[in-house]
Each structure stands twice: as structure tokens, then as C-alpha cells.
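Note sheet for the following structure.
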Amino acid sequence: EGKRTFADEPVKTDPTEKSADKKTFRNPVIYADVPDVDVIRVGNDFYMVSTTMHLMPAVPIMKSKDLVNWEIISYVVPEIKDSTGL
486 EGKRTFADEP
496 VKTDPTEKSA
506 DKKTFRNPVI
516 YADVPDVDVI
526 RVGNDFYMVS
536 TTMHLMPAVP
546 IMKSKDLVNW
556 EIISYVVPEI
566 KDSTGL
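Taken in order, the sequence shown gives residues 486 to 571; the numbers are from our numbering.
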């Protein structure tokens, strides 16, 4: 199975005002529904998770080397099934 993104589309980024001395980017860095983000750094990589729950799979786990270009590498919740107990 290949890597998946929101609706099987790449996560779009829009870097602006890049220069050799400074890197400035306009928010939002990701043009998608990515609420309640949390980011951690592991070595040279950054990982971000979001509480996106209106699409399945949900709660995407994203990876970046530069905090601008993100790739969805997995999901916390692959699917929510109906339950008579809810």
C-alpha cells in the first residue's frame, strides 16, 4: 500500500518570501483541515499529528524535514465502525 494523503491528493504548501538569509512562509503552511496540531522533532525529522476526524482514515501523521513540506505517512485511526454500544 502506498502513502496516502487527504482525499488521495498531495498536501499542498505555499512558501513565500524565501531568501538566502531568511526563510519566511505564510500561514497556513498546509492548505487542508488540520486542527489541533502537535509537532515533535526526532533527529532531523519533524512529525505532526492532527485531530482531523471528518474523513476516514483519520488523525493523519505527517513527516517533514523543513516544517514546510509535509507528507502523510500514516493514520492513527484507519476507520471508525458503527457500534450499537454508542
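Even for Gly, the Cβ is constructed at its ideal location relative to N, Cα and C.
Continuous beta strand (DSSP E) stretch holding residue i: start and end
i    : result
M547 : A543 to S549
I557 : E556 to V562
Y516 : Per DSSP, Y516 belongs to no beta strand (DSSP E) and is neither H nor E.
M533 : D530 to V534
D523 : D523 to V527
7 Å CB neighbourhood of residue i in its chain, flanking five on each side removed
i    : result
V562 : P542, A543 and V544
K550 : N529 and D530
P559 : Checking the sequence shown, residue 559 turns out to be Ser, not Pro. These residues qualify, in order along the chain: I546.
E564 : M541 and P542
Cutoff 6 Å; reference residue i; Cβ partners in own chain excluding five residues on either side
i    : result
E556 : K548
V519 : S535
L540 : none
Whole-Å CB distance - residue i paired with residue j, under 8 Å assumed
i    : j    : result
V527 : S535 : Not quite, the Cβ-Cβ distance comes to about 17 Å (not below 8 Å), so this is no contact.
E524 : M533 : Going by the sequence as given, residue 524 is Val instead of Glu. Going by Cβ atoms, the distance from V524 to M533 rounds to 5 Å, so yes, they are a contact pair.
Beta-carbon contacts of residue i that lie in its chain and below 8 Å, excluding the five residues immediately before and after
i    : result
L552 : V514, V524 and F531
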